[in-house]
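Please read the structure below before turning to the comments.
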Amino acid sequence: MVGSLWDDAEAAKWVGELGPRIYTSRLLGVDPDLVLHGGGNTSVKSKHTTVFGEELDLLIVKGSGASLAEVDATGFAHLRLDHVARLAELEALSDTDMADELLKASIVPRGPAPSVEAILHAVLPHKFVDHTHADAVVTLTNSVGAERMLAETYGSTVLVVPYVMPGFKLAQLCSRQVRTDLRPGVIGVVLMNHGIITFGSSARESYERMIELVGRAEEYLAANRRTKLGSASFDTAERTPRRRERAALRAAVSAAADASVVMSCHTDAQAATFLTHPDLATISQRGPITPDHVIRTKAVPLLGRDVEGYAAAYRSYFDRHRGRSATQLTALDSAPRVILDGELGMCCIGHSARDAKIAEDIYRHTMKVILDATAIGGYEPISQPDLFDMEYWQLEQAKLRRGVARPPLTGEVALVTGAASGIGRACAEALMEQGAAVTGLDVDPDIKSAFDGPQWLGLEADVTDADAVEQALEGSVERFGGLDVLVLNAGVFAPGGAIAELDVGEWRSVMAINLDANALLLREAHPLLRLARNGGRVVIIGSKNVAAPGPGAAAYSASKAALTQLARVAALEWGSDGIRVNVIHPNAVFDTRLWSDEILADRAAGYGISVEQYRTGNLLGTEVSSSDVARLCVSMCGPAFAKTTGAQVPVDGGNDRVV
Ligand code: ZN
Numbered sequence: 065m066v067g068s069l070w071d072d073a074e075a076a077k078w079v080g081e082l083g084p085r086i087y088t089s090r091l092l093g094v095d096p097d098l099v100l101h102g103g104g105n106t107s108v109k110s111k112h113t114t115v116f117g118e119e120l121d122l123l124i125v126k127g128s129g130a131s132l133a134e135v136d137a138t139g140f141a142h143l144r145l146d147h148v149a150r151l152a153e154l155e156a157l158s159d160t161d162m163a164d165e166l167l168k169a170s171i172v173p174r175g176p177a178p179s180v181e182a183i184l185h186a187v188l189p190h191k192f193v194d195h196t197h198a199d200a201v202v203t204l205t206n207s208v209g210a211e212r213m214l215a216e217t218y219g220s221t222v223l224v225v226p227y228v229m230p231g232f233k234l235a236q237l238c239s240r241q242v243r244t245d246l247r248p249g250v251i252g253v254v255l256m257n258h259g260i261i262t263f264g265s266s267a268r269e270s271y272e273r274m275i276e277l278v279g280r281a282e283e284y285l286a287a288n289r290r291t292k293l294g295s296a297s298f299d300t301a302e303r304t305p306r307r308r309e310r311a312a313l314r315a316a317v318s319a320a321a322d323a324s325v326v327m328s329c330h331t332d333a334q335a336a337t338f339l340t341h342p343d344l345a346t347i348s349q350r351g352p353i354t355p356d357h358v359i360r361t362k363a364v365p366l367l368g369r370d371v372e373g374y375a376a377a378y379r380s381y382f383d384r385h386r387g388r389s390a391t392q393l394t395a396l397d398s399a400p401r402v403i404l405d406g407e408l409g410m411c412c413i414g415h416s417a418r419d420a421k422i423a424e425d426i427y428r429h430t431m432k433v434i435l436d437a438t439a440i441g442g443y444e445p446i447s448q449p450d451l452f453d454m455e456y457w458q459l460e461q462a463k464l465r466r467g468v469a470r471p472p473l474t475g476e477v478a479l480v481t482g483a484a485s486g487i488g489r490a491c492a493e494a495l496m497e498q499g500a501a502v503t504g505l506d507v508d509p510d511i512k513s514a515f516d517g518p519q520w521l522g523l524e525a526d527v528t529d530a531d532a533v534e535q536a537l538e539g540s541v542e543r544f545g546g547l548d549v550l551v552l553n554a555g556v557f558a559p560g561g562a563i564a565e566l567d568v569g570e571w572r573s574v575m576a577i578n579l580d581a582n583a584l585l586l587r588e589a590h591p592l593l594r595l596a597r598n599g600g601r602v603v604i605i606g607s608k609n610v611a612a613p614g615p616g617a618a619a620y621s622a623s624k625a626a627l628t629q630l631a632r633v634a635a636l637e638w639g640s641d642g643i644r645v646n647v648i649h650p651n652a653v654f655d656t657r658l659w660s661d662e663i664l665a666d667r668a669a670g671y672g673i674s675v676e677q678y679r680t681g682n683l684l685g686t687e688v689s690s691s692d693v694a695r696l697c698v699s700m701c702g703p704a705f706a707k708t709t710g711a712q713v714p715v716d717g718g719n720d721r722v723v
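In our numbering, the protein residues as written are 65 to 723.
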């Protein structure tokens, strides 16, 4: 249930006219039952004195794309109120012209692009205006019998506006209705199939009216559900490995999207409850709970795994409705963004891990709203043509034509072993910077929190434990959908002794980690890597010791040499699968856990040189760091190495024994 989060002490910190506006915008933004990912917007009407001493009426409205939860002063656009309000009086205005007019009304150069709902804020006569797509309200407005239920819930405290396309048309309709129907005592506007607006003379009043009206809708739902919401679960007693099926599904979706995508699968109770609903085939295929979700989740999810069939249906949907637009439309990709499969779960898809997470968050609320609406009379969202207008409206099309610059590894999934520190951590970080989603494995439990964000999954695993490796691969594919890049980095350095005094236990332990574990991981990764849309890539962290071994570290040198040979064989065997396998041979990388200050000092002393000389003892006289190795690793996964496999490249500043 929603509740007011207003706190006098906290509110007092927000000074000026915009301060309270920012404060309550954030209060709305932090509650996902009110506002999800960029949904919702707020405004305040104010005054501004120009450089000529003239006073202007101002509309300060949230910028497009800013998230209410984190919005600050820079997230608001400052517009001439009269100019914006007058736009609603025009007979017609295209979306692109509207966006241009809003920019023309801006008095702050280089401010954010104003929300497309700015005109709507301008035509309401109140100082503060709040707009959300609150779950409980969209549930009522998307239900059979909505008008009656809204009347029972709100009486005459709200205006109800029928569905029209958000943007100019909605502002125009609201403006007319406000002029004729806005009576004293009305504290909000319910937008059918879309959301709710509240207003007031203070930020607190407008915010608390939102809480009050949404709360009343929640109470109505609680009191009027005719069927109980069940709670089901997936059969996880015997966890069947699903990674190959999931990776195959992701490959099919990537093909339909014409780009690698991230796909996260969820088999929790909420997903299970929805997936096992007896009417799933109908209730899931009606459309989103508020129109702008169509951009994130598409109109409907795919039921089952027939991605080709879904894509064909999407293309015919486009062909059926494209004539609705006066301008030439660019078709969006035909891949689903949500897949509901009885075995694989609820699979959420995006061009990046962040986008997949947004699709997941939105679909979780979609499932809740659909089940609630079904329980009070039936789920009935806007029609397909209306939805098409939203999906293909001019402003989204303009964004598409401008193109989006994405980092080169966007949508790809990498797995890095030994990623809690040193070279592995640097590789993981560099891969994420290039847009990849990364799973990091390490025996160190700190791996879990090594990085933040949806693009990171840290799993504690000992690479010599076959079960743990299998579970980690399973977990990684469940979270991201597949595997495109494998970085085999985990390794140990055991100084050991002379071969004449060989310790068999230590020898075997080094071989188990540096060689055997990698052979096993390669075997398990192969069926996943061969599904990679841009060709699978394996990067193996070898060692200078392969080409130039030293006395006294037999196990380490032999293990890295054998690992390099393993990589060469993999390159031979997997070339026909499009998988590239390359080896990096670093040397003297001291910012790793293998090296402590004491070992470093000890080594330098052993050679009779300073630590500084020891660090830079190479042809270029330069220090080599983990990030240098990571940079090469990322290059090996990108276009520079697209035609290279079976290669060995040193990162060592130049070594006279290797050159
Ligand atoms: Zn809206």
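Cβ atoms here follow ideal geometry from the backbone N, Cα and C, with glycine treated the same way.
Check this for me: beta carbons of residue i and residue j, under 8 Å apart or not?
i	j	result
F192	S270	yes
E159	G231	At residue 159 the sequence reads Asp, which differs from the Glu that was named. Yes, they are a contact pair.
S262	I251	First, the residue type needs correcting, since residue 262 is Thr and not Ser in the sequence shown. For T262 and I251, yes; Cβs fall inside 8 Å.
G414	V541	no
A439	V477	no
S239	N598	no
D720	P650	no
A494	A694	yes
L277	Y218	yes
I426	H357	yes
S328	E424	yes
Y456	L393	yes
S170	L143	yes
A133	V94	yes
L92	M274	yes
P449	V402	no
I577	A611	no
H185	G264	no
C412	A420	yes
Can you list, in chain order, the residues of its chain with a C-beta nearer than 6 Å to that of residue i? Leave out the 5 residues immediately preceding and following it.
i	result
A363	G351, L451
L313	R369
R632	G710
I347	I434, T438, Y443
Where DSSP assigns a beta bridge to residue i, which residues make up the other side?
i	result
Q712	V647
D121	K111
H330	M410
W520	V502
N105	H195
I511	The partner list for I511 (beta bridge, DSSP) is empty, contrary to what the question assumes.
I403	L366, C411
Taking only the alpha-carbon atoms, compute the straight-line gap between residue i and residue j and give it to the nearest angstrom.
i	j	result
V653	K608	11 Å
D655	G681	15 Å
S207	A200	11 Å
R679	V688	8 Å
A149	H258	22 Å
S699	L98	43 Å
G561	A617	7 Å
D516	R303	28 Å
A76	D194	20 Å
D510	A484	7 Å
K246	L123	What sits at residue 246 in the sequence shown is Leu, not Lys. In a straight line, the C-alpha of L246 is about 20 Å away from that of L123.
S674	S690	21 Å
A235	H147	14 Å
D526	L684	37 Å
K126	L339	37 Å
V242	A267	21 Å
M256	V225	6 Å
By Cβ distance, which residues of its chain are closer than 7 Å to residue i, with the 5 residues on each side in sequence left out?
i	result
T114	L120
L595	A311, A312, A315, G546
Spatial neighbours of residue i within its chain, please: C-beta separation below 8 Å, excluding the five flanking residues on both sides.
i	result
M162	L151, V180, I183, G231, F232
I353	H197, D199, V202, T203, N206, H429, T430, V433, I434, P445
D343	T438
R465	T394
To the nearest whole angstrom, what separates the beta carbons of residue i and residue j, a pair I think is in contact under 8 Å?
i	j	result
G522	G504	5 Å
L585	V533	6 Å
V574	Y620	6 Å
P518	R418	5 Å
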